[in-house]
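Note that the sequence shown covers residues 3 to 118 in my numbering.
Note that beta-carbon positions come from the ideal geometry of N, C-alpha and C, so glycine has one too.
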Amino acid sequence: MQVDEQFMDWWINELKREPFPKEWVIPILKNLQGHPEAPRLWEKHINGILRQALKFQQTTHEPCVYHRTNQEPQLMLRQVDDFLVSTKTRQEGQAVRDEIQAHVTQPLHDLLDKNN
């Protein structure tokens, strides 16, 4: 994958990472988009992040609704790759967003850090 402006903006502004040369090419080891198993694999991947790494629990009545208590109760609704987070303060909500972002992008960080 050739690095473009949108990716570089996301990398610098959202992830607060240092820019890297635009000539770099990021190798794609497995293309999941368009693969027949992609929805199931994404569900397994994101559910693992939310339940194991972030300690959210799925509700019994609706598997796309999660909850946890981190000093204050937190609720999350997930539809494929869209998230709606309900927390007491905006800062808590941003912290949850940052946790998810960090876990989802970790393989990319590992790859780029290995090449530096």
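Close CB contacts of Asp112 within its chain, under the 6 Å cut and outside five residues either way in sequence, are absent. For Phe85, the beta-bridge partners assigned by DSSP are Arg80. For Val98, the number of other beta carbons within 10 angstroms of its own is at least 16, and it is reported as buried. Beta-bridge partners assigned by DSSP to Arg70: Gln76. Between the C-alpha atoms of Trp26 and Thr61 there is a straight-line separation of about 43 Å. Just so you know, the alpha carbons of Phe9 and Gln59 end up roughly 32 Å apart.
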